[in-house]
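Under the numbering used here, the sequence shown is numbered contiguously, ending at residue 602. Backbone N, C-alpha and C fix where the C-beta goes; we use that ideal spot for every residue, glycine too. Accompanying notes for the structure given below.
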Amino acid sequence: MATRSTTTGILSEDKSAEREAIIELLKKAYWMEIETVMSYIANSINPDGVRAQEIIESLEADVQEELGHAQQFAARIKELYGVVPGSLDFTAEQSYLQPPDHQTDIVHVVKGVIEAETGAIEHYNHIIEVTDGVDFVTQDMVIAILRDEEGHRRLFEGYLREYEAEGLA
Ligand SMILES: [Fe+2]
Ligand SMILES: [Fe+2]
C-alpha cells in the first residue's frame with residue numbers, strides 16, 4: 434500500500450518546485466554556518482593581548498551556537514526531502530575573516546565578525562520572505578536563528594564602539 438502523501442503544506446506533491454528553491458537557500462545557509470564555525474574557531478584562538486580575552490570567550494561560545502545552526506539547517510534540508518551536501522561542494526567566501534597580519538589586531542577580527550553576521554542576517558531575512566505563506570516551519574526556524582545572529586552582531590558592534598571611542602578603529 435502506498436503511503437498517502439499530504440495535500441497541505443510544503444511537503445505536498447505539488448509543492449516540489451517550492452521545496453527545491455527553499456532547499457537551495459538552506460544549503461547556502463548551511464555552508465555559511467560551517468564557514469563561520471571555521472572562522473570563529475581560528476579567531477577564538479589566534480588573538481593575542483589583554484584586550485583579546487573578551488573576544489576570545491565570545492567567539493568560543495559562538496562556535497557552539499553556529500554549529501547548532503548548521504545542524505538545524507541540515508535537518509530542515511532532510512525534512513524537505515533534500516540531501517545535506519558533502520564537503521566537496523563547499524566554497525569558502527569569508528575573505529574578511531582571515532587571520533590578520535598581527536594577532537593583536539582585534540579590530541580586524543571584530544569588523545570581520547560584524548561582516549559575517551551581517552551576511553547571515555541578510556540571507557536569513559531573504560529566506561523568511563521567500564517562505565512566508567509557503568513554509569511556516571522553515572520560516573519559524575530561521576526567525577529564531579536570525580535573532581541569534583542579530584544578537585551576535587549587536588554584541589560585536591558594542592566592541593567596535595569601544596575601539597572607535599578610543600580612536601583605535
Ligand atoms: Fe549562525
Ligand atoms: Fe552568528
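Using CA coordinates, which residue listed in the options is at the minimum distance from residue i?
{"i": "Lys582", "options": "Ser477, Arg437, Gln527 and Asp495", "result": "Here the sequence assigns Glu to residue 582, which means Lys is not the residue at that position. If we check each option's Cα against that of Glu582, Asp495 comes out closest."}
{"i": "Glu453", "options": "Gly584, Asp573 and Val567", "result": "Val567"}
{"i": "Arg484", "options": "Arg586, Val540, Val570 and Gln504", "result": "Val540"}
{"i": "Met471", "options": "Ile510, His535, Val546 and Thr436", "result": "Val546"}
{"i": "Gln497", "options": "Phe506, Asp481, Gly519 and Ile474", "result": "Ile474"}
{"i": "Ser520", "options": "Trp464, Gly584 and Ala598", "result": "Trp464"}
By Cβ distance, which residues of its chain are closer than 8 Å to residue i, with the 5 residues on each side in sequence left out?
{"i": "His559", "result": "Leu458"}
{"i": "Arg509", "result": "Leu459, Val570, Thr571 and Met574"}
{"i": "Glu595", "result": "none"}
In chain order, what residues of the same chain lie with their CB nearer than 7 Å to the CB of residue i, ignoring the 5 residues before and after it?
{"i": "Leu601", "result": "Val540"}
{"i": "Ser491", "result": "Leu588"}
{"i": "Ile489", "result": "Ser477 and Pro480"}
Enumerate in chain order the residues of its own chain whose CB-to-CB distance from residue i is below 6 Å, with the five nearest sequence positions on each side excluded.
{"i": "Ile467", "result": "Ala503"}
{"i": "Pro532", "result": "Asn479"}
{"i": "Tyr529", "result": "Gly545 and Glu548"}
{"i": "Glu499", "result": "Glu466, Thr469 and Val470"}
{"i": "Gly482", "result": "Thr537"}
Are the beta-carbon atoms of residue i and residue j separated by less than 8 Å?
{"i": "Ser477", "j": "Glu487", "result": "no"}
{"i": "Ile404", "j": "Val575", "result": "With the chain running from 434 to 602 in the structure shown, residue 404 is simply not present."}
{"i": "Phe506", "j": "Ala577", "result": "no"}
{"i": "Arg580", "j": "Thr551", "result": "no"}
{"i": "Glu451", "j": "Ser438", "result": "no"}
Please confirm if the stretch 505 to 523 is in contact with the stretch 451 to 460, defined as three or more CB-CB distances below 8 Å between the two stretches. Using a C-beta cut-off of 8 Å, the stretch 505 to 523 makes contact with the stretch 451 to 460, since at least three inter-stretch Cβ pairs fall below that distance.
Do the stretch 582 to 597 and the stretch 519 to 528 make contact, defined as three or more Cβ pairs closer than 8 Å? Three or more beta-carbon pairs separated by less than 8 Å are not found between the stretch 582 to 597 and the stretch 519 to 528, which leaves the two stretches without contact.
Cβ contact check for the stretch 546 to 559 and the stretch 434 to 443: 3 or more pairs under 8 Å: With a cut-off of 8 Å, the stretch 434 to 443 and the stretch 546 to 559 do not count as touching, because too few Cβ pairs lie within range.
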